[in-house]
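Chain order of the listed sequences is Z and F. In terms of my numbering, the first sequence has 1140 at position 94, counting the first letter as 1, and numbering is strictly consecutive. In terms of my numbering, the second sequence has 1214 at position 168, counting the first letter as 1, and numbering is strictly consecutive. In what follows, a structure is listed as structure tokens, so that the remarks can point back to it.
There are 2 protein chains.
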Amino acid sequence: MNSAVSEAALIGLDWGTSSFRAYLIGKDGQVREQKSAAQGIMAIKDRDFEGAFRSLLSSWSGHFSLPVIASGMITSRNGWVETPYVPVPAGKDALASRLVPYRVDSGLEIHFVPGLNASHDAAPDVMRGEEVQVVGASAEAKGEGHVVLPGTHSKWVKVEAGRIVDFHTFMTGEVFAALKTHTILGTLMTGGSFSCEGFEQGVRSGLCGDGDLLHRLFHVRTLPLFDRLPRTAAADYLSGILIGSEIRSGLASHKNGDAVTLIGRGDLTDRYACALTVAGMKSRIASETVVASGLFEIAKSAGLTS
Amino acid sequence: MNSAVSEAALIGLDWGTSSFRAYLIGKDGQVREQKSAAQGIMAIKDRDFEGAFRSLLSSWSGHFSLPVIASGMITSRNGWVETPYVPVPAGKDALASRLVPYRVDSGLEIHFVPGLNASHDAAPDVMRGEEVQVVGASAEAKGEGHVVLPGTHSKWVKVEAGRIVDFHTFMTGEVFAALKTHTILGTLMTGGSFSCEGFEQGVRSGLCGDGDLLHRLFHVRTLPLFDRLPRTAAADYLSGILIGSEIRSGLASHKNGDAVTLIGRGDLTDRYACALTVAGMKSRIASETVVASGLFEIAKSAGLTS
């Protein structure tokens, strides 16, 4: 074994609906190696998660006696082991105390991270996996105030003293895909590189909307029809309306003078940073591997790493 | 010929994206016969609209020397003859003066009704076909004030002295279908009869939303997850959120103490009438064949019927 490998202390898994990410983490919390694959939980045949784990990480088989900690949709009803939701407020200690351990006969020991739920007047809200990323961002001193995790289901998370105190989910990414692909709005769209102008025009529309999103969406059709928006920019305009609408509502629930911390895929965080600028807000972008820091922090709090 | 047929003066067509409706109308404006088929303009092979017209109305071939007046998406770029948009304010006289006549060698004479467009600050709005229904409702003295035409693209129309002075489109029906069929929200839904309770619960959520529709949509997932909404009611809850959100925004643009007039398919107008009641508004329902009255009024104004 080389020196880097000798320090490995933990295997961290971020296993979601559409992707698999694994981190070999050292005693110091640093990522030694990482692997990713498009093997989300929906892609695993016959729900053979152990087989997929062993196969995807076969080159790490020498470390399978290390504790494994897993978060994301792998902890949902459709995943490997379902974990409960822990109510907010909750930080790394609360998550650590509610880990669900699972020991496989072959010797693997996996600790599944619980999800979080928040109670609002109208209905509950939930997350699975994002809470670990927020813990990681907090550990990097980038997670105080408001953290936004853009994506299929965007999360706006309020953090105080390292604990998640509230959060709201927005279906922005999934609504965008459904509208673009399965409504008349997509028919006028033609491909092209990112249209910053079209996107910002959409953001401004979304930001000033007063609950009239269903009306403003129709502009994605009428503006190109009247030659007031290039067809190559229509998809970005739609994206802008939705993200602008999310930001308008997110800022209403998460008022704060500070900058917003963004966690996620680079193209998405860039888009949100641009939209937040249009909204007059500052933002900072956390590293994409912040989930590894979060998994390490929770494992350490649970005493899994010595 | 029998006496009813001898009085026929006009053939009216309401030919939309997904359906074909024809009316044989007498000199007195009464509908003598009507036909409908699921032969919307998208279903017509090779855009042979004349062939489809002759085939669908073959039993009326003795009347093909009568003037024909046509409205709906048949007047769009993908239709038979494209007509321009006439800006609001506009009533039956303005529509009549902008009819686009089209004479087929075989002797058919068809007059295509223009669409309407409205200019708002953010973007233009358009309609094709609904304007004729509103004219028809006005002729029946049911169209003053505010007319709502629920559907794939719902229209809120403001009418003063028989003229359309403004309108807004909401993509409610199409967004509902896309979200139900192509997002995770549909996965928790199970079939069932109409859930009035679930629908009204959704309407209340949509009505009180302040631009946070993308957040409230997520409740369609979390409420069944926490056993706070039966899965059989989830689709109606989603429908309620969207219709409630439309009504909240529609009423903001179309403030009026009077009752709202609803035009459309019976199941939809019932649903909107229920939602408007939750919003504290009265409504009255116009007849489904109001489009025939509108086509007759416009034809009369254009001097097509003697």
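Virtual Cβ for every residue (Gly too), placed ideally from N, Cα, C. Model, not experiment: these values are computed from the prediction.
Taking 8 Å as the threshold, the shortest C-beta distance from Thr1129/Z to chain F does not fall below it. Assigned with DSSP and collapsed to three states, His1265/F falls in helix. Close to Ile1230/Z, with beta-carbon spacing below 7 Å, are these residues of chain F in chain order: Glu1220. Only residues of its own chain outside the window of five on either side were considered, and among them Val1132 have a CB closer than 7 Å to the CB of Ala1140/Z, listed in chain order.
Of the residues assessed, Gln1076/Z falls on the exposed side of the cut-off, its CB having fewer than 16 other CB atoms within 10 angstroms.
Between Leu1263/F and Ile1115/F, the CB-CB gap reaches or exceeds 8 Å. Runs of the alpha helix (DSSP H) spanning 4 or more residues and lying entirely within the stretch 1074 to 1138 of chain Z occur at 1095 to 1102, in chain order. Shown in chain order are the members of the stretch 1276 to 1309 of chain F whose Cβ falls below 9 Å from a Cβ of chain Z: Leu1288, Ser1291, Glu1292, Arg1294, Ser1295, Gly1296, Ala1298, Ser1299. DSSP places Glu1155/Z in the strand class (E or B) of the three-state scheme. Of Gly1310/F, Thr1229/F, Gly1312/F, the smallest CA-CA separation from Leu1284/F is found for Thr1229/F.
Distances from the alpha-carbon of Asp1212/F to those of Thr1218/F, Trp1202/F, Val1221/F put Trp1202/F closest. Here Glu1206/F carries a strand assignment [DSSP, helix/strand/coil]. Interface annotation for the stretch 1170 to 1187 of chain F against chain Z: Pro1170, Asp1171, Val1172, criterion Cβ-Cβ distance under 9 Å.
In the three-state reduction of the DSSP assignment, Ser1143/Z falls in the helix class. Assigned with DSSP and collapsed to three states, Ile1293/Z falls in helix. In the assembly as shown, Arg1149/F is an exposed residue. Its beta-carbon has fewer than 16 other beta-carbons within 10 Å. Using a CB distance cut-off of 8 Å, His1265/Z counts as an interface residue toward chain F. Only those residues of the stretch 1110 to 1142 of chain F whose C-beta falls short of 8 Å from the nearest C-beta of chain Z would be listed, and there are none. Following the DSSP letters along the chain, one finds Gly1219/F inside the alpha helix (DSSP H) bounded by residues 1218 to 1228. In the displayed model, Thr1198/Z falls within coil according to three-state DSSP, outside both helix and strand. Close to Ala1224/Z, with beta-carbon spacing below 7 Å, are these residues of chain F in chain order: Ala1224, Leu1225, His1228, Thr1229.
The shortest C-alpha to C-alpha distance from Ser1065/Z to any of Ile1057/Z, Asp1092/Z, Ser1117/Z, Gly1153/Z is the one to Ser1117/Z. Using a 10 angstroms sphere on the CB of Pro1270/F, the tally of other CB atoms reaches 16 or more, which defines it as buried. Counting of Cβ neighbours within 10 angstroms places Pro1130/F among the exposed residues, the total staying below 16. Around the beta carbon of Glu1176/F, 16 or more other beta carbons lie within 10 angstroms, which makes this residue buried. Contacts with chain Z at 8 Å (Cβ-Cβ) do not include His1157/F.
Taking the CA atoms as reference points, Ser1329/Z sits about 24 Å from Leu1259/F.
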